[in-house]
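Okay, so here's the structure we're looking at.
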Amino acid sequence: MTFTNALPATLSPSRLADFQTCPRRFQHASVDRIPQPATYATVKGRFVHKILEDLFALDSESRTIERARSFIPAASLAILTEQDRSDIKMDDEMEEKLLRETEAILTQYFAMEDPTRINSTGVEIRLKVTAEGVPMVGILDRLDREADGSLTIVDYKTGGLPNRNYDSQTFANTDLYAAMCEESDDVNELPARIRLYYVAFGEVIERTVTSQVVKARTTAAAVAWNKINKFYEAGEFPATPSKSACRFCAYQQLCKNNNIAVPE
Ligand code: SF4
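With the numbering used here, the residue at position 79 of the sequence shown is 89, and numbering never jumps.
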């Protein structure tokens with residue numbers, strides 16, 4: 011078959027993760043451009059990210075929990091769109107739950123670090139680079155300059171804690187962000203570490219960035235980009251159903267309609 015839409019001109023770490031999980035999911039999301047309905051978890055994630063983004067737009071001494079709370083109405087306006095409310099069937103009870111959980115996350119977050127002491131070089135940093143021939147784009151939550159002069163990538167996670175047996179998977183996206191920082195003219199430096207903030211649990215998982223891992227991630231992205239182009243030319247991205255891949259996939263029904271054996 012020939013696709014109606016052009017192949018995306020760039021690859022983001024999350025789209026790469028789609029492809030590596032199941033090429034058909036990448037096809038539906040990035041080539042067919044079939045919208046993925048919001049879920050409560052994705053809305054909550056964007057809601058909290060917006061508040062923390064606004065907090066870090068302030069001068070460091072103004073970053074108090076009261077100011078963070080003051081950004082909740084703006085987050086409601088920006089994130090709780092009619093479309094998202096409809097996707098997740100948001101009623102008053104669900105909205106109250108979201109506000110309750112946001113308050114708990116803010117309390118946890120301020121117990122994890124004091125944002126008035128953070129030297130952030132930027133938040134929601136848009137990176138656009140070409141590495142090993144792969145045109146990559148992505149938005150970094152936060153990039154901090156430490157007292158010793160090194161850089162730290164900070165990524166907020168509003169979901170559950172990861173299984174530490176799969177750290178390589180947990181850091182896959184942020185390793186690529188590290189590669190993009192090094193390639194980017196704006197940053198032009200390899201961050202020394204990645205810090206994942208599991209803000210609902212008050213836990214931080216950190217790891218040192220190494221050139222070897224960053225190189226391996228970039229090479230894997232180049233291999234994937236090559237395959238993406240081949241599958242696009244061939245007119246089909248194979249489906250690789252599995253319990254873990256399909257569990258949270260928005261395209262389950264579509265695949266079932268196409269006689270793909272989606273595990274229950
Ligand atoms: S439901 Fe499973 S097989 Fe179908 S696109 Fe999603 S991950 Fe792939």
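Note that CB positions come from ideal geometry on N, CA and C, so glycine has one too.
Predicted model only: the values in this text are computed from it and were never measured.
Check your understanding: Curious, which full-length beta strand (DSSP E) runs of at least 3 residues does the region 162–246 contain?
Key -> 203–208, 213–218
Review point. Is there at least one non-hydrogen atom of ligand 1 closer than 6 Å to the beta-carbon of VAL41?
Key: By one-based count along the sequence shown, residue 41 stands at place 31. For ligand 1, not one heavy atom lies less than 6 Å from the Cβ of VAL41.
Exercise for review: Could you please give me the residues that DSSP links to VAL272 through a beta bridge?
Suggested key: The residue labelled residue 272 in the question sits at position 262 within the sequence shown. Per DSSP, none; premise fails for VAL272.
Exercise for review: Check whether the Cβ of LYS99 lies closer than 7 Å to any Cβ atom in chain C.
Suggested key: Here there is only one protein chain, and chain C is not present.
Review point. Is ARG34 near ligand 1, in the sense that its beta carbon is under 6 Å from a heavy atom of that ligand?
Key: Mapped onto the sequence shown, residue 34 falls at position 24. Correct: ARG34 has its Cβ closer than 6 Å to ligand 1.
**Study point:** Buried or exposed by the 16-neighbour rule on C-beta atoms within 10 Å, applied to ILE238
**Key:** Residue mapping note: residue 238 aligns to position 228 of the sequence shown, counting from 1. By the neighbour-count rule (16 or more Cβ atoms within 10 Å), ILE238 is buried.
Exercise for review: Kindly indicate the opening and closing residues of the beta strand (DSSP E) around GLY148.
Suggested key: One-based indexing of the sequence shown puts residue 148 at position 138. From DSSP, the beta strand (DSSP E) with GLY148 extends over 144–155.
Check your understanding: So which of ASP64, LEU26, PHE13 has the shortest CA-CA distance to ARG152?
Key -> Here residue 152 corresponds to residue number 142 of the sequence shown, with the count starting at 1. Ranking the options by Cα distance to ARG152, first place goes to ASP64.
Check your understanding: Can you tell me the Cα-Cα spacing of LYS107 and LYS266, whole angstroms?
Key -> As a working mapping, residue 107 is identified with position 97 in the sequence shown. As a working mapping, residue 266 is identified with position 256 in the sequence shown. Between LYS107 and LYS266, the C-alpha separation is close to 33 Å.
Review point. From LEU186 to VAL224, what does the alpha carbon distance come to, in whole angstroms?
Key: Residue mapping note: residue 186 aligns to position 176 of the sequence shown, counting from 1. Residue mapping note: residue 224 aligns to position 214 of the sequence shown, counting from 1. Rounded to the nearest angstrom, the two C-alpha atoms are 7 Å apart.
Practice item. Report yes if the CB atom of ILE89 is closer than 7 Å to the CB atom of PHE57, and no otherwise. Key: Within the sequence shown, numbered from 1, the residue matching residue 89 stands at position 79. Within the sequence shown, numbered from 1, the residue matching residue 57 stands at position 47. Yes. Within cutoff.
Check your understanding: Thinking C-beta only, is VAL147 closer than 7 Å to THR52?
Key -> Residue mapping note: residue 52 aligns to position 42 of the sequence shown, counting from 1. Residue mapping note: residue 147 aligns to position 137 of the sequence shown, counting from 1. Not in contact: THR52 and VAL147 (Cβ atoms no closer than 7 Å).
Exercise for review: On the DSSP bridge assignment, give the partners of SER130 in chain order.
Suggested key: By 1-based counting over the sequence shown, the position of residue 130 is 120. DSSP lists ASP154 as partners of SER130.
Check your understanding: Less than 6 Å between the CB of ILE270 and some heavy atom of ligand 1, yes or no?
Key -> Locating residue 270 in the sequence shown gives position 260, where the first residue counts as 1. The answer is yes for ILE270.
Practice item. Have a look at ALA48, THR49, SER22 and flag the residue whose alpha-carbon is nearest the alpha-carbon of PHE36. Key: Position 26 of the sequence shown, counted from the start, is the residue given in the question as residue 36. Nearest option by C-alpha distance: SER22.
Practice item. Report the partner residues of ILE135 according to the DSSP bridge assignment. Key: As a position in the sequence shown, residue 135 is number 125, starting the count at 1. Beta-bridge pairing links ILE135 to LEU150.
Check your understanding: So the alpha helix (DSSP H) ILE82 belongs to, where does it begin and stop?
Key -> Within the sequence shown, numbered from 1, the residue matching residue 82 stands at position 72. Note, ILE82: alpha helix (DSSP H), 82–89.
Practice item. Please indicate yes or no: does the CB of PRO248 lie closer than 6 Å to some heavy atom of ligand 1? Key: On the sequence shown, residue 248 is found 238 positions in, with the first residue counted as 1. False, no ligand heavy atom lies under 6 Å from that Cβ.
Check your understanding: Cβ of ALA231 within 7 Å of Cβ of LEU26?
Key -> For the purposes of this step, residue 231 is taken as residue 221 along the sequence shown, with counting starting at 1. For the purposes of this step, residue 26 is taken as residue 16 along the sequence shown, with counting starting at 1. Yes, the Cβ-Cβ distance between ALA231 and LEU26 is below 7 Å.
Point to revise | DSSP bridge partner residues for GLU21 (one or two, in chain order) | key: Taking the first residue of the sequence shown as position 1, residue 21 is located at position 11. Note on identity: in this sequence residue 21 is Leu, with Glu being the wrong assignment. The partner list for LEU21 (beta bridge, DSSP) reads MET146.
**Study point:** GLY132 versus ARG110, GLN118, MET122, GLU156, residue with shortest Cα-Cα distance
**Key:** On the sequence shown, residue 132 is found 122 positions in, with the first residue counted as 1. Among ARG110, GLN118, MET122, GLU156, the Cα nearest to that of GLY132 belongs to GLU156.
Practice item. Using a threshold of 7 Å, state whether the C-beta atoms of ALA210 and THR168 are closer than that. Key: Indexing the sequence shown from 1 puts residue 210 at position 200. Indexing the sequence shown from 1 puts residue 168 at position 158. For ALA210 and THR168, yes; Cβs fall inside 7 Å.
Review point. Given a threshold of 16 other Cβ atoms within 10 Å of its Cβ, counted over all protein chains shown, does GLN222 qualify as buried or as exposed?
Key: As a first step, residue 222 must be located in the sequence shown, where it is residue number 212. Exposed: under 16 other Cβ atoms inside 10 Å.
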